[in-house]
Amino acid sequence: MSAASRPSRTLPPHRLSVAPMMDWTDRHCRVFHRTLTRRTLLYTEMVTTGAILHGDRDRHLGFDRVEHPVALQLGGSDPAALAECTRMAEDYGYDEVNLNCGCPSDRVSSGSFGACLMGAPDVVARAVEAMRGATGLPVTVKHRIGIDDLDSYEHLTHFVRTVEAAGCQTFIVHARKAWLSGLSPKENREIPPLRYEVVEQLKADFPHLTVVLNGGVLDLAQTRRALSWADGVMIGRAAYQTPFLLATADQDIFGESGVPVTRRGAIEAFLPYVAGQLSAGQPLNRMMKHTLGLFAGQPGARHWKRTLSEQGHREGTGLEVVRAALEGVPDEVLDAGAVLTEAQPA
23 MSAASRPSRT LPPHRLSVAP MMDWTDRHCR VFHRTLTRRT LLYTEMVTTG AILHGDRDRH
83 LGFDRVEHPV ALQLGGSDPA ALAECTRMAE DYGYDEVNLN CGCPSDRVSS GSFGACLMGA
143 PDVVARAVEA MRGATGLPVT VKHRIGIDDL DSYEHLTHFV RTVEAAGCQT FIVHARKAWL
203 SGLSPKENRE IPPLRYEVVE QLKADFPHLT VVLNGGVLDL AQTRRALSWA DGVMIGRAAY
263 QTPFLLATAD QDIFGESGVP VTRRGAIEAF LPYVAGQLSA GQPLNRMMKH TLGLFAGQPG
323 ARHWKRTLSE QGHREGTGLE VVRAALEGVP DEVLDAGAVL TEAQPA
């Protein structure tokens with residue numbers, strides 16, 4: 023895909039993004055999120071270099087052009103493998119390649135990638151250097167503020183300086199440390215305390231770098247506050263579990279004019295894609311599961327979720343199930359406009 027066919031970016035592309043989340047931010051999820059926001063940067067799930075090099079490349083790397091701007095997150099530590107996968111990412115048309123240095127799962131650590139790489143900044147630097155040598159795309163790094171006992175600010179700044187020297191200019195920082203043993207991945211998202219002040223200090227000490235805050239951000243109001251000092255904010259679980267928060271992102275965060283999409287409008291915009299996937303043999307629930315939180319906290323939410331969950335997995339199920347699910351949601355909920363925050367960003 024040519025650069026001319028991708029959305030233009032008049033503000034920093036990382037001003038708002040949706041985090042890469044395993045089993046959640048697949049291509050169907052990203053297309054759905056794009057019905058809600060045109061400008062927010064979307065990320066793939068983490069894909070390992072081994073899966074790409076030895077598996078089904080189209081399954082791991084393919085995406086719909088409507089997803090732009092979209093970034094590929096890679097898991098790995100071997101510079102040659104990462105470089106080869108980065109070349110493929112450029113060929114497929116991604117807008118960015120991101121190296122995962124933040125995932126704390128046992129499977130990731132045993133493969134010498136993810137959060138454990140924070141203990142090996144020289145390895146990350148060599149990987150980034152190889153990736154940058156393979157592409158003209160931006161190469162970014164997502165990481166924690168520390169791991170295990172390597173949690174001092176001095177260690178964090180050493181990591182950033184080392185990786186910056188290899189050419190990385192954008193650091194997406196999950197504002198929690200990770201314990202690589204003793205805590206599950208879920209616990210590592212919740213138990214280590216959030217320390218936004220560490221990320222804010224990092225931005226102050228590295229003003230020339232793009233520093234993006236990740237971790238615990240629940241809505242666009244919180245995003246706006248963080249943007250007073252951060253270059254960008256990455257929202258994770260909240261964007262998946264309550265996706266309608268993205269409906270005003272283009273106006274609230276990127277300063278665009280226009281009327282935010284309604285919930286009905288988002289579903290109607292998603293249905294042509296769903297129909298195409300059904301024709302290709304995909305089951306309905308594979309696409310619609312990403313919409314289950316669209317009506318969170320609203321009348322009709324239970325009917326929507328129950329109808330899709332109970333019927334969407336059945337063989338041969340089609341758009342009639344979506345229509346039946348919509349019938350249980352009041353019109354005033356379907357057509358209500360999303361509420362903008364109090365002031366537009368500067």
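Quick note: to get the working numbering, add 22 to the position in the sequence shown (first position is 1). Ideal Cβ positions, reconstructed from N, Cα and C, are used throughout, including at glycine. Nothing here was measured: the structure is a model prediction, and the numbers come from that model.
Run through DSSP, which three-state label would residue i get?
{"i": "A188", "result": "coil"}
{"i": "F228", "result": "coil"}
{"i": "H90", "result": "coil"}
{"i": "A269", "result": "helix"}
{"i": "R49", "result": "helix"}
{"i": "P367", "result": "Here the model assigns P367 a pLDDT of 41, short of 50, so the residue's position is not dependable, and the following value carries that caveat. In the structure shown, P367 sits in coil (DSSP, three-state: anything other than H, G, I, E or B)."}
{"i": "V361", "result": "coil"}
{"i": "F193", "result": "strand"}
{"i": "I74", "result": "helix"}
{"i": "M43", "result": "coil"}
{"i": "A243", "result": "helix"}
{"i": "G254", "result": "strand"}
{"i": "L104", "result": "helix"}
{"i": "L314", "result": "coil"}
{"i": "L64", "result": "strand"}
{"i": "F292", "result": "helix"}
{"i": "P214", "result": "coil"}
{"i": "T157", "result": "coil"}
{"i": "C125", "result": "coil"}
{"i": "H335", "result": "coil"}
{"i": "T284", "result": "coil"}
{"i": "V221", "result": "helix"}
Please look up how many angstroms separate the CB atoms of residue i and residue j, rounded, as I've assumed it's under 8 Å.
{"i": "L94", "j": "T71", "result": "About 11 Å separates the two Cβ atoms, so there is no contact after all."}
{"i": "V15", "j": "L224", "result": "Within the shown structure, residues of the chain are numbered from 23 to 368, placing residue 15 beyond reach of any answer."}
{"i": "D117", "j": "P91", "result": "4 Å"}
{"i": "P42", "j": "T59", "result": "That belief does not hold up - the Cβ atoms of P42 and T59 are roughly 16 Å apart, past 8 Å."}
{"i": "L341", "j": "A297", "result": "6 Å"}
{"i": "R211", "j": "T157", "result": "So it is not a contact: roughly 30 Å between Cβ atoms."}
{"i": "P35", "j": "L63", "result": "6 Å"}
Hey, out of the options, whose CA is closest to residue i's CA?
{"i": "T57", "options": "E67, V88, W46", "result": "V88"}
{"i": "T284", "options": "E349, D86, E354", "result": "E354"}
{"i": "T232", "options": "T245, V255, M110", "result": "V255"}
{"i": "G322", "options": "L330, V53, V351, T66", "result": "V351"}
{"i": "G287", "options": "P305, R308, F317", "result": "F317"}
{"i": "D80", "options": "V53, G115, H177", "result": "G115"}
{"i": "G319", "options": "V234, I289, S331, L267", "result": "L267"}
{"i": "E222", "options": "R247, T47, L330", "result": "R247"}
{"i": "D253", "options": "L159, F193, E337", "result": "F193"}
{"i": "R324", "options": "E337, A347, G303, G258", "result": "A347"}
{"i": "H230", "options": "W251, E337, S331", "result": "W251"}
{"i": "H11", "options": "A156, V220, A291, P35", "result": "Absent from the structure is residue 11, since the part of the chain shown begins at 23 and ends at 368."}
{"i": "D171", "options": "V69, P294, G204", "result": "G204"}
Between which residues of its own chain and residue i is the CB-CB distance below 8 Å, once the five residues before and five after are set aside?
{"i": "P282", "result": "A269, T270, D272, Q273, G359, A360, L362"}
{"i": "V150", "result": "L121, V161, V163, V185, A188, G189, C190"}
{"i": "I169", "result": "P126, A137, C138, M140, G141, K199, A200, W201, L202"}
{"i": "Q11", "result": "In the structure as shown, the chain starts at 23 and stops at 368, and residue 11 therefore has no counterpart that could be examined."}
{"i": "G334", "result": "P305, L306, N307, M310, K311, V343"}
If I measure Cβ to Cβ from residue i and keep anything under 6 Å in the same chain, skipping five residues before and after, which residues do I get?
{"i": "R148", "result": "P101"}
{"i": "R154", "result": "V161, G189"}
{"i": "L356", "result": "R285, R286"}
{"i": "I74", "result": "H82, C107"}
{"i": "P214", "result": "R198, K199"}
{"i": "G124", "result": "A137, K164, H165, R166, H196"}
{"i": "A111", "result": "L94, V119"}
{"i": "Y262", "result": "W46"}
{"i": "E278", "result": "D272"}
{"i": "D86", "result": "V53"}
{"i": "L240", "result": "A260"}
Quick one: what's got a C-beta closer than 7 Å to residue i's C-beta in the same chain, skipping five residues either side?
{"i": "K369", "result": "Residue 369 lies beyond the range of the chain shown here (23 to 368); nothing can be said about it."}
{"i": "E349", "result": "none"}
{"i": "F370", "result": "One cannot answer for residue 370 here, as it falls past the ends of the chain, which runs 23 to 368."}
{"i": "A152", "result": "P101, A102, L104, A105"}
For residue i, write down the residues that DSSP places opposite it in a beta bridge.
{"i": "T162", "result": "N120"}
{"i": "V69", "result": "L96"}
{"i": "I167", "result": "DSSP lists no partner for I167."}
{"i": "M110", "result": "DSSP, once it has assigned bridges, lists no residue as partnering M110."}
{"i": "V233", "result": "F193"}
{"i": "A200", "result": "I169"}
{"i": "L38", "result": "V255"}
Quick one: does residue i have its CB under 9 Å from some CB of chain C?
{"i": "A152", "result": "You won't find chain C in this structure, because it holds only one protein chain."}
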